[in-house]
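In structure tokens, the structure reads:
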């Protein structure tokens, strides 16, 4: 019985409901434009690409339960981006390989995808191979699978005892080579297809390549690089500003679930496209939030540059400006100020009063020992309902 989508004739003639994705596509394109625009005026404009590409690589490896030497990888990326570090970390071959892959995808976006390029990425991915000795059998590096039977795609911890088969990929050898040639030809030609939205093209490329699973290992990471390449071909600026792998990692279980569901006997991949676009939007929203906070901080310190804040006040203001989740979501009171800075309760109250008098903070309604304060620039975010819940 033909169970998997790749076992069907013309399976790559994907179908989807345009009505399900049209609005989302427009919204994401708008947000990408906003992201590029805001990045140009951000005080962190120079640091953003390095931080984003680093985060993307780290998250992509974490999806496969692999942890990287972040400092070494950052130094490898920094050299390629022309960023000078005060204390660069020692070079590691593996991180050099990962940096090569990422920079090739986002910088050489105009170069066509070829089998040679994919095999080079795979070589870079496993530039050091010592740890990849599963069941005392070395994996093949820089070449596609040649196994005669379909390959099981499993999930679970690398060293765990439980795994789940999500789907089976096509058998290797000449059959797989033919499927790869078809994918590569489509990837290169589809870039000129004006009827195919480039965001959908990236989603289709991701699904298509992960379905083939052409390598013995590293397929997920190579798939995500191909996705980055497709997105870079759409806009080579914005791809350096958001890290989709972070959002995929945060939703890893649903990632495998939707892939499994769409691998079954169907040509309709609506659920995958919706999942992909939602996840992409989350990654862009995260970057927009970071940019918004950065710009807000710059404006804040410029506005209040005439005030000489003490060390404790600076610490609290920076925490409020950073806006981390769960950090004083309903404002800060004297007890929290005291705990954060280590000053006495009386000093905390005096510091808060000074900030209030200088029009830096806004006092929420409620009063008493639970009096809470928010940044004046944030007061519109706090509704009466939130305040009432504190009384």
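Numbering (our numbering), first residue to last: 132 to 522.
Every residue gets a Cβ at the ideal spot worked out from N, C-alpha and C, and that includes glycine.
Cα separation between residue 168 and residue 307? Residue 168 sits at position 37 when you count from the first residue of the chain shown. Residue 307 sits at position 176 when you count from the first residue of the chain shown. So the alpha carbons of these two residues sit roughly 43 Å apart.
Counting only the same chain and skipping the five closest in sequence on each side, list residues whose C-beta sits under 7 Å from that of residue 240. Within the chain shown, numbered from 1, the residue matching residue 240 stands at position 109. Correct list, in chain order: 360, 363, 364, 367.
Give the DSSP-derived three-state secondary structure of residue 299 in the structure shown. As a working mapping, residue 299 is identified with position 168 in the chain shown. Three-state DSSP puts residue 299 in a strand.
Going by other Cβ atoms of all chains shown within 10 Å of its Cβ, with 16 needed for buried, is residue 215 buried or exposed? Numbered from its first residue, the chain shown carries residue 215 at position 84. Residue 215 should be labelled exposed.
For the candidate residues 419, 378, 237, whose alpha-carbon lies nearest to that of residue 181? Within the chain shown, the letter at position 50 stands for residue 181. Checking every option, the nearest Cα to that of residue 181 belongs to 237.
Length at least 4, wholly inside the stretch 209-279: the alpha helix (DSSP H) runs in chain order: 224-238, 246-256
I need the DSSP call for residue 285, collapsed to helix, strand or coil. Counting from one through the chain shown, the residue named residue 285 turns up at place 154. Of the three classes helix, strand and coil, the one that applies to residue 285 here is strand, per DSSP.
Residue from 200, 321, 219 with nearest C-alpha to residue 243: The sequence position of residue 243 within the chain shown is 112, counting from 1. Among 200, 321, 219, the Cα nearest to that of residue 243 belongs to 321.
Would you list the one or two residues that DSSP bridges to residue 395? Numbered from its first residue, the chain shown carries residue 395 at position 264. In DSSP, residue 395 forms a bridge with 135.
Is the beta carbon of residue 415 sitting closer than 8 Å to the one on residue 163? Here residue 415 refers to the residue found at position 284 of the chain shown. Here residue 163 refers to the residue found at position 32 of the chain shown. Taking 8 Å as the Cβ cut-off, residue 415 and residue 163 qualify as a contacting pair.
Bridge partner(s) assigned by DSSP for residue 468: Within the chain shown, the letter at position 337 stands for residue 468. Residue 468 is not bridged to any residue.
Determine the closest residue to residue 302 out of 442, 284, 319, 383, with distance taken between C-alpha atoms. Along the chain shown, one-based indexing puts residue 302 at 171. Comparing Cα-Cα distances from residue 302 to each of 442, 284, 319, 383, the minimum goes to 284.
Note down, in chain order, each residue of its chain lying with its Cβ closer than 6 Å to the Cβ of residue 192, except the 5 sequence neighbours on either side. The count along the chain shown starts at 1 and reaches residue 192 at position 61. Once the five neighbours on either side are set aside, the close Cβ partners of residue 192 are 199.
Cutoff 8 Å; reference residue 474; Cβ partners in own chain excluding five residues on either side: Translated into positions along the chain shown, residue 474 becomes position 343. Only 443, 468, 482 meet the Cβ criterion.
Go ahead and pull the three-state DSSP assignment for residue 194. In the chain shown, the residue the question calls residue 194 occupies position 63. The answer is helix: DSSP assigns residue 194 an H, G or I state.
List the DSSP bridge partners of residue 377. Against the chain shown, residue 377 aligns to sequence position 246. Partner(s): none; residue 377 has no beta bridge.
Kindly indicate which three-state DSSP category residue 506 falls into: helix, strand or coil? Your numbering for residue 506 matches position 375 in the chain shown. Strand.
Simplified DSSP state of residue 493, which is helix, strand or coil: Translated into the one-based positions of the chain shown, residue 493 becomes position 362. The answer is strand: DSSP assigns residue 493 an E or B state.
Measuring CB to CB, does residue 304 end up less than 8 Å from residue 195? Within the chain shown, residue 304 is the residue found at index 173, counting from 1. Within the chain shown, residue 195 is the residue found at index 64, counting from 1. Contact: no.
When burial is assigned at 16 or more other CB atoms within 10 Å of the CB, is residue 423 buried or exposed? Position 292 of the chain shown, counting from 1, holds the residue named residue 423. Answer is exposed; the Cβ neighbour count stays below 16.
Whose CA, out of 349, 410, 417, lies closest to the CA of residue 254? By 1-based counting over the chain shown, the position of residue 254 is 123. When only C-alpha atoms are compared, the closest one is 349.
Does the Cβ-Cβ distance between residue 334 and residue 419 come in under 8 Å? Position 203 of the chain shown, counting from 1, holds the residue named residue 334. Position 288 of the chain shown, counting from 1, holds the residue named residue 419. No.
Tell me, please, which residues DSSP counts as bridged to residue 146. For this step, residue 146 is matched to residue 15 along the chain shown. Residue 146 pairs with 399.
Taking the straight line between their C-alpha atoms, what separation do you get for residue 356 and residue 256? The residue you call residue 356 lines up with position 225 of the chain shown. The residue you call residue 256 lines up with position 125 of the chain shown. Going from the Cα of residue 356 to the Cα of residue 256 covers about 11 Å.
Using the DSSP secondary-structure output, state which residues sit across from residue 353 in a beta bridge. Within the chain shown, numbered from 1, the residue matching residue 353 stands at position 222. Residue 353 pairs with nothing; no bridge assigned.
Give the secondary structure of residue 438 by DSSP, where H, G and I count as helix, E and B as strand, and everything else as coil. As a position in the chain shown, residue 438 is number 307, starting the count at 1. Note: residue 438 maps to coil in three-state DSSP.
Rounded to the nearest angstrom, how far is the Cβ of residue 128 from that of residue 143, given a contact under 8 Å? Any answer about residue 128 is impossible in this case: the structure gives the chain only from 132 up to 522.
Strand pairing of residue 463, partner residues [DSSP]: In the chain shown, the residue the question calls residue 463 occupies position 332. BP columns for residue 463 point to 504.
Is the beta carbon of residue 212 closer than 8 Å to that of residue 226? For the purposes of this step, residue 226 is taken as the residue at position 95 of the chain shown. For the purposes of this step, residue 212 is taken as the residue at position 81 of the chain shown. Their beta carbons are not under 8 Å apart, which means residue 226 does not touch residue 212 by this criterion.
Same chain only: Cβ atoms within 7 Å of residue 280, ignoring 5 sequence neighbours per side: Numbered from its first residue, the chain shown carries residue 280 at position 149. So the qualifying residues of the chain are 302.
Can you list, in chain order, the residues of its chain with a C-beta nearer than 6 Å to that of residue 516? Leave out the 5 residues immediately preceding and following it. Position 385 of the chain shown, counting from 1, holds the residue named residue 516. Any answer about residue 516 is weak, because its pLDDT of 37 lies below 50 and its placement is not dependable; what the coordinates show is given next. Closer than 6 Å at the Cβ level, and outside the excluded window around residue 516, lies no residue.
Does residue 445 pass the burial test, meaning 16 or more other C-beta atoms within 10 Å, or should it be called exposed? As a first step, residue 445 is located in the chain shown; it is residue number 314 there, counting from the start. Residue 445 comes out exposed.
Under three-state DSSP, which class holds residue 164? The residue given as residue 164 occupies position 33 in the chain shown. The answer is helix: DSSP assigns residue 164 an H, G or I state.
Output yes or no for whether 8 Å exceeds the beta carbon distance between residue 209 and residue 221. Counting from 1 along the chain shown, the entry for residue 209 is found at position 78. Counting from 1 along the chain shown, the entry for residue 221 is found at position 90. The answer is no: Cβ separation not under 8 Å.
Would residue 136 and residue 312 qualify as a contact pair, given that the criterion is a beta-carbon distance under 8 Å? As a first step, residue 136 is located in the chain shown; it is residue number 5 there, counting from the start. As a first step, residue 312 is located in the chain shown; it is residue number 181 there, counting from the start. No; because the gap between Cβ atoms is not below 8 Å, this pair is not in contact.
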